[in-house]
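The block underneath contains the structure these notes are about, expressed in structure tokens.
Here's what the structure looks like:
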């Protein structure tokens, strides 16, 4: 099924045509019938900003995630959970699974991913969510319509590693849903941080119990031992780590990760924060010294890939480490607003050649989308760039081999260059919310609920010899819903 879908997907993707990217969408997909009839939250509503204040407070007064995580882990051990935090499903040597990052806005862009994900994931053994299961604050009372309802028809267990937004609730909702854990006893946090820090919301247990019936089939059940874990199989170990709010791995989790990494099987790391993103190296530090990438790079640990969420698009960096290549992947495009790719400079980090770097959406599609968005919102028609114009500009800017054939009839004009500069494709003092710094904090302003969405999810196939990683797209358009576009594919050897 997936092999056939992959072959069809190669013919309809953004890498072959503008239509494959979802431009000029004539038929909206069936996701509209799946979405609940309710208003989405606004990222800039004062209530949302106040509920999300822990991000700012952690930067000012320190991130308490490590201390709270230790308390959660201690409580789980007291409940009799396996101290090695292994998930054993009896997977055997060959199987497949899904991975989706940052899904939980509960709006059209999340539900647009669901039809393709169900089709491609029909025969998968489980799914993993990498970061930010629930927006904006990970609250347990948001799980019914942002987790249980969208994935009610996925017929296998779902596991997760938390993201920074899940921690804004002190991990209360996450631990209740994925670990079946009761709330922690409150412990006072003195000082200004303790006074301002947002505390976990009480969970409506009756509503949560009713929501659980949406994923109540025996095949859908799977309780994970902690916010970090390892899924066992004969051919591969999938290691999930919890990076908290600021990315620091606490001392106890770091010791567990080192022990787990000594297992002789090849491994994938699933992390809340990617190690490479936007042509920048950002390894999560370990309490006590070193980084998580030190563990990934150690040849004795046999990591073949590291996949992180948090950034809302798809990127892949094949990094040569000694005599092998480790695939570093950003996979945060399964539902939240899109982070631009056209602001990524020509790739050269860790010796990765630009033409070996992969991303979705393509830089040209990202630039064209934001040009249309801001041309409309600011009533500045001159900002508008067609997909063909934007593709030509980005090929000229990045000097890469164009992924999609560039229209030879397009001539880059001064107006087009200035539009690209203002939209962040070239460095300049003035730019709209799509650049490195401003976009990091205000790209929520660019959220939208109409196709194309440029969302994505991963399908991973495991055999004793190889791991095949595929990135499928979700545009929100019916043709791409019926034949999910295949935007990237790589096969990784698992033999020594």
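In the working numbering, the protein residues as written are 1 to 496. Glycine included, C-beta positions come from ideal geometry on N, C-alpha and C.
Cα separation between residue i and residue j?
i           : j           : result
residue 212 : residue 112 : 22 Å
residue 120 : residue 219 : 18 Å
residue 355 : residue 404 : 13 Å
residue 289 : residue 31  : 46 Å
residue 351 : residue 278 : 14 Å
residue 382 : residue 257 : 52 Å
residue 187 : residue 73  : 15 Å
residue 344 : residue 207 : 43 Å
residue 114 : residue 10  : 20 Å
residue 280 : residue 349 : 6 Å
residue 460 : residue 315 : 16 Å
residue 138 : residue 47  : 15 Å
residue 182 : residue 71  : 12 Å
residue 470 : residue 301 : 24 Å
residue 478 : residue 2   : 19 Å
residue 68  : residue 252 : 12 Å
residue 135 : residue 90  : 33 Å
residue 317 : residue 191 : 42 Å
residue 65  : residue 152 : 30 Å
residue 55  : residue 203 : 22 Å
residue 424 : residue 339 : 12 Å
residue 436 : residue 92  : For residue 436, the predicted structure reports a pLDDT of 47, less than 50, and the residue's modelled location is therefore unreliable. A value from the coordinates is still provided. Straight-line Cα distance between these residues: approximately 44 Å.
residue 439 : residue 141 : Model confidence at residue 439 stands at a pLDDT of 41, short of 50, so the residue's coordinates are unreliable; what they give is reported in the following sentence. Spanning the two alpha carbons is a distance of roughly 29 Å.
residue 411 : residue 399 : 16 Å
residue 95  : residue 154 : 16 Å
residue 306 : residue 239 : 9 Å
residue 145 : residue 36  : 7 Å
residue 76  : residue 222 : 16 Å
residue 366 : residue 165 : 25 Å
residue 442 : residue 184 : Since pLDDT at residue 442 reaches only 44, below the 50 mark, its modelled position is unreliable, and no value is offered.
residue 413 : residue 167 : 47 Å
Excluding sequence positions up to five away, which residues of its chain have a Cβ less than 6 Å from the Cβ of residue i?
i           : result
residue 363 : 341, 342, 394
residue 160 : 129, 133, 178
residue 297 : 321
residue 232 : 86, 88
residue 200 : 169, 170, 172
residue 12  : 20, 483, 485
residue 333 : 312, 313, 314, 455, 456
residue 247 : 273, 284
residue 369 : none
Could you have a look at residue i and say whether DSSP puts it in helix, strand or coil?
i           : result
residue 359 : strand
residue 155 : coil
residue 351 : helix
residue 345 : coil
residue 81  : coil
residue 454 : coil
residue 256 : helix
residue 468 : strand
residue 96  : strand
residue 145 : helix
residue 133 : coil
residue 72  : helix
residue 219 : helix
residue 327 : strand
residue 128 : strand
residue 24  : coil
residue 436 : Caution applies to residue 436, whose pLDDT of 47 falls short of 50 and renders its modelled position unreliable; the value that the coordinates give is listed next. Three-state result, residue 436: coil.
residue 179 : coil
residue 322 : coil
residue 311 : coil
Beta-carbon within less than 8 Å of residue i's beta-carbon, same chain only, minus the 5 sequence neighbours each way: which residues are those?
i           : result
residue 465 : 493, 494, 495
residue 384 : 371, 372, 375, 419
residue 82  : 225
residue 291 : 283, 284, 285
residue 353 : 347
residue 463 : 93, 94, 235, 494
So residue i and residue j are in contact, right, with Cβ under 8 Å, and what is the actual spacing, rounded?
i           : j           : result
residue 468 : residue 491 : 5 Å
residue 116 : residue 453 : About 11 Å separates the two Cβ atoms, so there is no contact after all.
residue 131 : residue 106 : No, residue 131 and residue 106 are not in contact; Cβ-Cβ is about 16 Å, not under 8 Å.
residue 265 : residue 237 : 5 Å
residue 214 : residue 149 : 6 Å
residue 157 : residue 126 : 5 Å
residue 274 : residue 310 : 6 Å
residue 58  : residue 336 : Incorrect: roughly 20 Å between the Cβ atoms, too far for contact.
Suppose the cutoff is 7 Å on Cβ atoms and the five residues either side in sequence are ignored; what does the same chain contact list for residue i look like?
i           : result
residue 224 : 87, 159, 178, 179
residue 15  : 403, 404, 487
residue 401 : 355
| said: Assess contact between the segment 76-90 and the segment 270-282, defined as three or more Cβ pairs (one per stretch) separated by less than 8 Å. Is contact present? | reply: no
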